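Structure, as structure tokens:
Numbering (my numbering), first residue to last: 125 to 543.
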């Protein structure tokens, strides 16, 4: 799990910093907090969340289908009646593309949170944000990947709350990067791939860097794929369910029955309609080239095998590489093999692209040799926070019925953050 916990604060110390802090009854806990003095004795460190538990027994005959039918609208209408009695926050699934478990969380300090007002929008500098949008978030400590690119976090805004213009908070669901998952990054993960989760946090609105354009990809090869620099997600990672069901199903293709990486090309056989991985076609081309080597050379390349055909860890790789390449100008696809044997001087030649299932020729080898493949990797554009004191504006005209605005005229409150 990535280190995305909000800064912890002592409930007692926070309450002591408030005026007239005494033992609170259920009714008096909703008294208004004087946010102008909340930082006088000690800076308010924000809110923490913990998973809620329930001892409430389900009624006999209540079906699981009925329980799953609770939508965001139902939760707003029913309040928290469908959630544990001790839960402060009940969050239905905000991602209609997948079946993500409803999450129940406790929030502390509850009294201070309940004194905040709910808003639909807020603005930093000239950028307006609202509930339901995805955003780039600045980490607590700057992270960099192997290429030195700044690693931001990704969140989906579920709720906007504010005590005043200097204390604006967002309740978010995090998107995970492949590196955040228990198994880490896998070969089929795209460079810009993310995972929708029900990992919730409450963050300071000042940590938002920009809007994030994150799309859902349904893995249909017939439809346009995500662009190289397009952030996308296709799977959930459900932290509220058993390990076997944490990931939503992923489409498997080709003869190896593995998922596809959207950064890598696919080839479809016109005869049997199977989609084939470029890597699988390249591996077959290398093996076919090796089968044409003289027995002495082939024996040398495979001399590391033990008895019964089990390969040794010291076996030498075959002296060939293959690369599948489609030229953008002509749309022609080449499968080019390079012979790395010393006497061949890196000779390159094209081979037929054949289906790995039905062996039909998908595209015949051409005489012309395509250019050498580029080894330059394009890095994803980094997002940097170069404005240390952004101007934040809260739209106080939202949710007036449930939250009477402190400004009866509905004017906007402005305040520099990080001042």
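Every residue, glycine too, gets a C-beta built ideally from N, C-alpha and C. Quick caveat: nothing in here was measured; it's all calculated off a predicted structure.
query                                                                                                                                                              : result
Which ranges would you report for the beta strand (DSSP E) in the region 318 to 355 if only whole runs of at least 3 residues count?                               : 332 to 335 and 338 to 340
If you reduce the DSSP assignment to three classes, tell me which class residue 83 lands in.                                                                       : Outside the shown range of the chain, which is 125 to 543, sits residue 83, and nothing can be said about it.
Any idea what DSSP makes of residue 296, helix, strand or coil?                                                                                                    : strand
Which value, in whole angstroms, describes the spacing of the CA atoms of residue 312 and residue 401?                                                             : 10 Å
Is it right to say residue 249 is buried, meaning 16 or more other beta carbons lie within 10 angstroms of its own, or is it exposed?                              : exposed
What is the rounded straight-line gap between the Cα of residue 233 and the Cα of residue 261?                                                                     : 23 Å
Contact between the region 383 to 393 and the region 324 to 338: three or more CB pairs below 8 Å?                                                                 : no
Take residue 309 and list the residues in its own chain whose beta-carbon comes closer than 6 Å to its own, dropping the five residues that flank it on each side. : 302 and 303
Which one or two residues does DSSP pair with residue 457 in a beta bridge?                                                                                        : 450
Who are residue 235's beta bridge partners in DSSP?                                                                                                                : Paired residues: none, contrary to the question.
According to DSSP, is residue 369 part of a helix, a strand, or is it coil?                                                                                        : helix
Alpha carbon to alpha carbon, how far is residue 286 from residue 350?                                                                                             : 36 Å
Do you know offhand how far residue 382's Cα is from residue 368's?                                                                                                : 18 Å
Taking the beta carbon of residue 353 as the centre, do at least 16 other beta carbons fall within 10 Å, making it buried, or is it exposed?                       : exposed
Between 295, 444 and 407, which has its C-alpha nearest residue 171's C-alpha?                                                                                     : 295
Using 8 Å for Cβ pairs, my map puts residue 480 next to residue 448. What's the rounded Cβ distance?                                                               : With 8 Å as the limit, residue 480 and residue 448 do not qualify as a contact, their Cβ atoms being about 13 Å apart.
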